[in-house]
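Quick notes on the structure that follows.
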Amino acid sequence: ELKVEQNPLFLSMQEGKNYTIYCNYSTTSDRLYWYRQDPGKSLESLFVLLSNGAVKQEGRLMASLDTKARLSTLHITAAVHDLSATYFCAVDSGTYKYIFGTGTRLKVLA
Amino acid sequence: KAGVTQTPRYLIKTRGQQVTLSCSPISGHRSVSWYQQTPGQGLQFLFEYFSETQRNKGNFPGRFSGRQFSNSRSEMNVSTLELGDSALYLCASSWREMREQYFGPGTRLTVT
Numbered sequence: 049e050l051k052v053e054q055n056p057l058f059l060s061m062q063e064g065k066n067y068t069i070y071c072n073y074s075t076t077s078d079r080l081y082w083y084r085q086d087p088g089k090s091l092e093s094l095f096v097l098l099s100n101g102a103v104k105q106e107g108r109l110m111a112s113l114d115t116k117a118r119l120s121t122l123h124i125t126a127a128v129h130d131l132s133a134t135y136f137c138a139v140d141s142g143t144y145k146y147i148f149g150t151g152t153r154l155k156v157l158a
Numbered sequence: 002k003a004g005v006t007q008t009p010r011y012l013i014k015t016r017g018q019q020v021t022l023s024c025s026p027i028s029g030h031r032s033v034s035w036y037q038q039t040p041g042q043g044l045q046f047l048f049e050y051f052s053e054t055q056r057n058k059g060n061f062p063g064r065f066s067g068r069q070f071s072n073s074r075s076e077m078n079v080s081t082l083e084l085g086d087s088a089l090y091l092c093a094s095s096w097r098e099m100r101e102q103y104f105g106p107g108t109r110l111t112v113t
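These protein sequence lines map, in sequence, to chains B and R. For what it's worth, the numbering used here labels the leading residue of the first sequence as 49, then goes sequentially. For what it's worth, the numbering used here labels the leading residue of the second sequence as 2, then goes sequentially.
Encoded structure:
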């Protein structure tokens, strides 16, 4: 069964710093998604990665996918307080369901 | 285009009762998925429907059931509620074949 692991689970970082969140998954898939969730809110789609080597960027966030390594990364550049949220990766299992990672709770300190 | 809507947004029920949650997908979307989110278990897949057919089901007891109507609206039902069913229930829709999913605001269920 497909398993998805994210690390770190918690991330506290200073404004202006860079960091990377990792998403590893256990079986072959070429579709991976990143979502953001603010406290008490639903999930907001950030990136859709549909092939090996896919790279997407939006503002201070950049996501990439390496299907051979079964790894996706979400890189944060020059973090700002507004990026504080929980970030989830989700992998398409190929059987009509997503498997979500555990989430990374990001707190950006001023 | 209106987003995914879920009703009710908040619900308080007593153990042993049953509950029905509703989800209206984005217009034109035919795939609807349901997820349960809890602090301890994270986001767990419940089931997925496409054109009124359940195509996959997660590892939940039979007390959890769902259906989809011809207009793609979906309902999920939980019978004989337990305290552990307290969670945020999220519905997501996609226009075909489990491509990018768009999530609704969720229904916060509290079982007392």
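No residue lacks a Cβ here, since even glycine has one placed at the ideal position from N, Cα and C.
Item, Value
"Within-7 Å CB hit, residue 143 of chain B to chain R", "yes"
"Proximity of residue 51 of chain R and residue 31 of chain R at Cβ, strictly below 7 Å", "yes"
"Coarse secondary structure for residue 67 of chain R, derived from DSSP in three states", "strand"
"Segment contact flag, the region 129–137 of chain B with the region 149–156 of chain B, C-beta cutoff 8 Å, min 3 pairs", "yes"
"The region 91–102 of chain B contacting the region 16–29 of chain R, beta-carbon criterion three pairs below 8 Å", "no"
"Beta carbon of residue 60 of chain B nearer than 7 Å to that of residue 155 of chain B", "yes"
"Short Cβ contact (7 Å threshold) for residue 67 of chain R with residue 5 of chain R", "no"
"Assigned exposure category for residue 42 of chain R - 16 Cβ within 10 Å defines buried", "exposed"
"Coil, strand or helix - residue 86 of chain B by DSSP", "coil"
"Beta strand (DSSP E) segment containing residue 76 of chain R, residue limits", "75–79"
"For residue 100 of chain B and residue 80 of chain B, believed in contact at Cβ under 8 Å, the rounded distance", "Actually they do not touch by this definition, with Cβ atoms about 11 Å apart."
"Residues of the region 84–111 of chain B with Cβ closer than 7 Å to any Cβ of chain R, in chain order", "90, 91, 93, 96"
"Spatial distance of residue 121 of chain B from residue 39 of chain R (CA atoms)", "24 Å"
"Whole-Å CB distance - residue 145 of chain B paired with residue 57 of chain R, under 8 Å assumed", "5 Å"
"Cross-chain neighbours of residue 49 of chain R in chain B, by beta carbon under 7 Å", "144, 145"
"Contact list for the region 79–95 of chain R against chain B, Cβ threshold 7 Å", "91"
"Residues sharing a beta bridge with residue 69 of chain B, DSSP", "B/122"
"Close beta carbons around residue 109 of chain R, own chain, < 6 Å, minus the five adjacent residues each side", "11, 89"
"Cβ-Cβ distance between residue 73 of chain R and residue 9 of chain R below 7 Å", "no"
"Residues sharing a beta bridge with residue 37 of chain R, DSSP", "R/45, R/90"
"is_contact[residue 110 of chain R, chain B] using C-beta, thresh 7 Å", "no"
"Residues bridged to residue 111 of chain R [DSSP beta-bridge criterion]", "R/13"
"C-beta neighbour in chain B for residue 53 of chain R, strict 7 Å", "no"
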